[in-house]
């Protein structure tokens, strides 16, 4: 049976952030994820998790200047020391919140910019992140993201992400398989899940879902999610599936798709 984590960045926007934990628990979620925790003390978020019986599934390492449009710094030459500090900060939060998965965003590359140097920086930074995270019991995950939602994002394809993980070869570096992004960029989702779930020195460490093309509930759009949930179960995936979608109307009102899995 698949198990789902509410994404509190996109879901439950009817509430202030710290009140979203209780709302998710009330609707039956047992875990949550979100983009970033850094606006709040880790202990304050931990209290919300504990009070509502929730597990923290995932959050992202600091992405650089998000408000200025940055979407990660792992592939940005000249930002290596900042990247190291960002990983240390993220691991400090993870130690309190208890999650064992940490997403590291690759960053943006200008159109026409050669990829060799950013890729070399990306590999070196991810090697550092995985090494630092290993002693904390944390797995680093990297996510291919479509360039319709984030133009210029450095990492877009599942095979490229798997190749990066395979080249580094760290036991705690895997791919975050976002079905929404994969469908937009590549399609053929079932085949890629089968291909990548058990790759040596890589594999799939976290899954996220949303309807395609509008990024609403997973029962809206072109994908057959009941089939994909059965497939993920059959492949032996036992991690959380993050619900990273924008509710079409109210969050709770759109959760009919979840009832069979509670």
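Numbering (this note's numbering), first residue to last: 65 to 326. Where is the CB? At the ideal position from N, CA and C, for every residue including glycine.
- Of the candidates 324, 284, 179, 163, 163 places its Cα closest to the Cα of residue 205.
- A residue is called buried when at least 16 other Cβ atoms come within 10 angstroms of its Cβ; residue 256 meets this threshold and is buried.
- The C-alpha of residue 154 is placed about 26 Å away from the C-alpha of residue 274.
- Within the same chain, 69, 71, 121, 122, 306 come within 6 Å of residue 97 by CB-CB distance, once the 5 residues on both sides are set aside.
- By the C-beta density criterion, residue 326 is exposed, having fewer than 16 other C-beta atoms within 10 angstroms.
- Distance from the Cα of residue 128 is smallest, within the candidate group 168, 90, 279, 243, for 168.
- Secondary-structure assignment with DSSP links residue 124 through a beta bridge to 167.
- Annotation for residue 189: the continuous alpha helix (DSSP H) segment containing it runs 180 to 198.
- If you compare the alpha carbons of 221, 139, 85 with that of residue 183, the shortest gap goes to 139.
- In the structure shown, residue 129 adopts coil according to DSSP, grouped into three states.
- In the three-state DSSP reduction, residue 253 falls in the helix class (H, G or I).
- By alpha-carbon distance to residue 160, the top candidate from 105, 260, 216, 89 is 105.
- When rounded, the separation of the alpha-carbon atoms in residue 147 and residue 189 is 7 Å.
- For residue 269, the closest C-alpha among the options 287, 277, 291, 236 is that of 236.
- With a contact defined as Cβ atoms closer than 8 Å, residue 243 and residue 210 miss out at about 11 Å.
- Cα atoms of residue 143 and residue 200: separation of roughly 24 Å, rounded to the nearest angstrom.
- Along the stretch 221 to 292, the alpha helix (DSSP H) occurs as fully enclosed runs of 4 or more residues at 222 to 232, 243 to 249, 253 to 260, listed in sequence order.
- When Cβ pairs closer than 8 Å are counted between the two stretches, the stretch 221 to 234 is seen not to touch the stretch 173 to 180, the count staying below three.
- If you draw a straight line from the Cα of residue 115 to the Cα of residue 176, it is about 50 Å long.
- Excluding sequence positions up to five before and after residue 319, its CB lies within less than 7 Å of the CB of 91, all in the same chain and listed in chain order.
- Here DSSP, grouped into helix, strand and coil, assigns residue 145 to helix.
- With respect to the C-alpha of residue 298, the residue from 281, 258, 312, 272 having the closest C-alpha is 258.
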